[in-house]
Structure formats: C-alpha cells, structure tokens
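Working notes for the structure below.
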C-alpha cells in the first residue's frame, strides 16, 4: 500500500510539474517565438516523460488498426466541425478572427519544410505529456469525466501565457475531444492520429483564413 501510494503521489507531482513547465514554455513564446519555446518545451518534457514512465506510455502506443482508424475519423470530424463553426463564431466575435490570423503568422515562421518535420514530433511529445502523463495522473484520482474536464482546463491554462484567446478556446475544444478519445480508446496512438489530422488540415492543407503557412 505504501509503495502504491508513493507511486501515485509521484505521478501527481510529475504531472503538476510538467503542466507548470509547459506554462513557462508558453510564456517564453514572447521572446523566443511559439515553435522554439512551446515546441522545445514539448520535446524536452516528452523525452522526460518517456524516461520516467516509459512502460506505461509504450503500453498506450502501438499500430493497432482500430486505433488508427478511430483516430483518423475523430481528427476528420474535428476538422469538419472547425470549418463549419469558424464562420458563425468569428462573425459573432470578430476579435477572434484577428487572433486566428496572428496565430497563423506565428506558426508560419517555421516554414513549410521544417513544419513537415517538426509537426509530428511536437504533436507526439505533446500527447505523451498531456494525454499520457497528465491525463494518467488525473484518471488515477478522479472519475474519468472529471479527469477529462480537469485535463482540458489545465491544457488551456498552460497555453494561456501565449496571450491568444483563440488558442485558449481551441485548447478547450480540442482538449475535450482528445481527452475523451484517450478514455474511450485507451490509446495514445488514436489521439496522436486525431491531433495530426486536425493540425495538418488547419495548418497545412486548408487554413481557416487566407494566410497560408509560408
């Protein structure tokens, strides 16, 4: 019992520490830019997570055809919903449109070739941290609906120092979807695929605004 309690406590401390460090990385986006700051933080924390909780993370990964197909379908659904909701939402709140344009400019600083290489790596590390370590620590302590809500709230709060309302709202919507998918499938692979499909659609293939990633 003592070992289990210590292990659970340790996971909670690791999860809280990673969420706090992610917020620091988000704040550093002001002097450094989003990709070096948040992308670098994701890479550092993702590698650390694999070192600390490798067996659990590997157990949630794998090329299961069912997880791959569910992830692809979920990502496509999220992208379609985003395209449908974006026009009426930005008409009702025009200030969000300027925020989205700003995000495209910030993300576009990386360039298309580097984006093609960096995006899968950063997304993989992000999912290992948020839907692996942090969600795992939460679901060990509270019922899964609360874990989904708390994990999504932390996800949005940790991105808030970037200073983009549009990004925080995106984190809330996407976080609910990805945390729920993590619970329903038990798979990080499904969440990674969903995240990649959504990001690739919005950032690379069909941007929401007339600013392409260049």
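Numbering (this note's numbering), first residue to last: 155 to 368.
Beta carbons: idealized from backbone N, C-alpha and C, even for Gly.
Neighbourhood of residue 322 by C-beta distance below 7 Å, restricted to the same chain and skipping five residues each side: Translated into positions along the chain shown, residue 322 becomes position 168. 310, 313, 314.
Taking 8 Å as the threshold (C-beta atoms), are residue 343 and residue 200 in contact? Translated into the one-based positions of the chain shown, residue 200 becomes position 46. Translated into the one-based positions of the chain shown, residue 343 becomes position 189. No, the Cβ-Cβ distance between residue 200 and residue 343 is not below 8 Å.
Coarse secondary structure for residue 215, derived from DSSP in three states: Residue numbering aside, residue 215 sits at position 61 when the chain shown is read from its first letter. Residue state, collapsed to three classes: coil.
Collapsed DSSP secondary structure at residue 322 in the structure displayed: Position 168 of the chain shown, counted from the first residue, corresponds to residue 322. Here residue 322 sits in helix by DSSP.
Helix, strand or coil: which one does DSSP assign to residue 349? For the purposes of this step, residue 349 is taken as the residue at position 195 of the chain shown. If DSSP states are grouped into helix, strand and coil, residue 349 belongs with the helices.
Can you tell me the Cα-Cα spacing of residue 286 and residue 248, whole angstroms? Within the chain shown, residue 286 is the residue found at index 132, counting from 1. Within the chain shown, residue 248 is the residue found at index 94, counting from 1. Taking the straight line from one Cα to the other gives about 35 Å.
Note down, in chain order, each residue of its chain lying with its Cβ closer than 8 Å to the Cβ of residue 353, except the 5 sequence neighbours on either side. If you number the chain shown from 1, residue 353 lands on position 199. So the list reads 273, 277, once near-sequence residues are dropped.
Three Cβ pairs or more, each shorter than 8 Å: is that satisfied between the segment 319-339 and the segment 282-301? yes
My output table needs one value for residue 198: the three-state DSSP class, helix, strand or coil. Start at 1 with the first residue of the chain shown, and residue 198 comes out as number 44. Residue 198: helix per DSSP, three-state reduction.
With distances taken between CB atoms, is the gap from residue 347 to residue 230 smaller than 8 Å? On the chain shown, position 193 is the one that residue 347 refers to. On the chain shown, position 76 is the one that residue 230 refers to. For residue 347 and residue 230, no; Cβs fall outside 8 Å.
So which of 228, 210, 202 has the shortest CA-CA distance to residue 330? As a working mapping, residue 330 is identified with position 176 in the chain shown. The option with the nearest alpha carbon to residue 330 is 228.
Report the rounded CA-to-CA distance for residue 150 versus residue 203, giving the unit in angstroms. Nothing in the structure corresponds to residue 150, since the chain is present only between 155 and 368.
Find out if the Cβ-Cβ distance for the pair residue 288, residue 180 is shorter than 8 Å. Within the chain shown, the letter at position 134 stands for residue 288. Within the chain shown, the letter at position 26 stands for residue 180. Not in contact: residue 288 and residue 180 (Cβ atoms no closer than 8 Å).
My assumption, with CB atoms under 8 Å, is that residue 345 sits in contact with residue 258. Please give the rounded CB distance. Taking the chain shown and counting its residues from 1, one reaches residue 345 at position 191. Taking the chain shown and counting its residues from 1, one reaches residue 258 at position 104. Contact flag wrong, Cβ pair sits at about 24 Å.
So residue 260 is in the alpha helix (DSSP H); what residue range does that whole segment cover? Locating residue 260 in the chain shown gives position 106, where the first residue counts as 1. 248-262 is the extent of the alpha helix (DSSP H) around residue 260.
Backbone CA spacing between residue 270 and residue 356 [nearest angstrom]: Locating residue 270 in the chain shown gives position 116, where the first residue counts as 1. Locating residue 356 in the chain shown gives position 202, where the first residue counts as 1. The straight-line gap from Cα to Cα measures roughly 13 Å.
Could you check which residue in 191, 178, 215 has the C-alpha nearest to that of residue 281? Position 127 of the chain shown holds residue 281. Of the candidates 191, 178, 215, the one whose C-alpha sits nearest the C-alpha of residue 281 is 215.
Please name the residue in 328, 196, 316, 319 whose C-alpha comes closest to that of residue 306. Indexing the chain shown from 1 puts residue 306 at position 152. Of 328, 196, 316, 319, the residue nearest in Cα terms is 328.
Going along the chain, which unbroken runs of the alpha helix (DSSP H) with 4 or more residues stay wholly within the segment 284-334? Counting only runs of 4 or more, we get 289-293, 298-313.
Residue 178 burial status per 10 Å Cβ neighbour count (16 or more: buried): Position 24 of the chain shown, counted from the start, is the residue given in the question as residue 178. Answer is exposed; the Cβ neighbour count stays below 16.
Would residue 283 pass as a contact of residue 333 if the rule is Cβ separation under 8 Å? Along the chain shown, one-based indexing puts residue 283 at 129. Along the chain shown, one-based indexing puts residue 333 at 179. Their beta carbons are not under 8 Å apart, which means residue 283 does not touch residue 333 by this criterion.
Using only CA atoms, which one of 196, 341, 220, 254 lies nearest to residue 212? Reading the chain shown from its first residue, position 58 is the one you call residue 212. With distances taken between Cα atoms, residue 212 lies closest to 341.
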